[in-house]
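Colleague: Here it is: the structure, laid out below.
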Amino acid sequence: MIAPLAGEVGVHPGEFSLRQLFQMAEGKRRQEWYRAAVLACTISNPWRDPAHSLKMEHFPYCQEHKAKVRMATSAEIAAFAKAWK
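Residue numbers for the sequence shown follow this note's numbering, so the first one is 5 and each next one is one higher.
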């Protein structure tokens, strides 16, 4: 299990723990999936018919890359208000 993960990432397995190798491999897979989604959108958008189809975005394919929305706290709102006065 260690050797395939190290091979996927391209590092020597002796320097890293199984957890580190797994995290590196998972990060590499996500990055490759993100790159493939961007390429698919880049290739398909010039060929679409704007009257009949929407522009293709890569983020629907990469859900983990969407920014998480959170509400600002009252302290943050006060700090922003003070900074912008």
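Backbone N, C-alpha and C define an ideal beta-carbon position, used for all residues, glycine too.
1. From this set, V42, P8, A83, which residue's C-alpha is nearest K59's C-alpha?
2. With DSSP collapsed to three states, give me the class of W88.
3. Mapping the DSSP letters down to three states, classify M28 as helix, strand or coil.
4. Kindly indicate which three-state DSSP category P54 falls into: helix, strand or coil?
5. Apply the 10 Å Cβ neighbour rule to L9 and answer buried if 16 or more other Cβ atoms are within range, or exposed otherwise.
Modeller: In brief:
1. One-based indexing of the sequence shown puts residue 59 at position 55. K59 has its Cα closest to that of V42, out of V42, P8, A83.
2. Locating residue 88 in the sequence shown gives position 84, counting from the first residue. If DSSP states are grouped into helix, strand and coil, W88 belongs with coil.
3. By 1-based counting over the sequence shown, the position of residue 28 is 24. Note: M28 maps to helix in three-state DSSP.
4. As a working note, residue 54 is residue 50 in the sequence shown. Note: P54 maps to coil in three-state DSSP.
5. Along the sequence shown, one-based indexing puts residue 9 at 5. L9 comes out buried.
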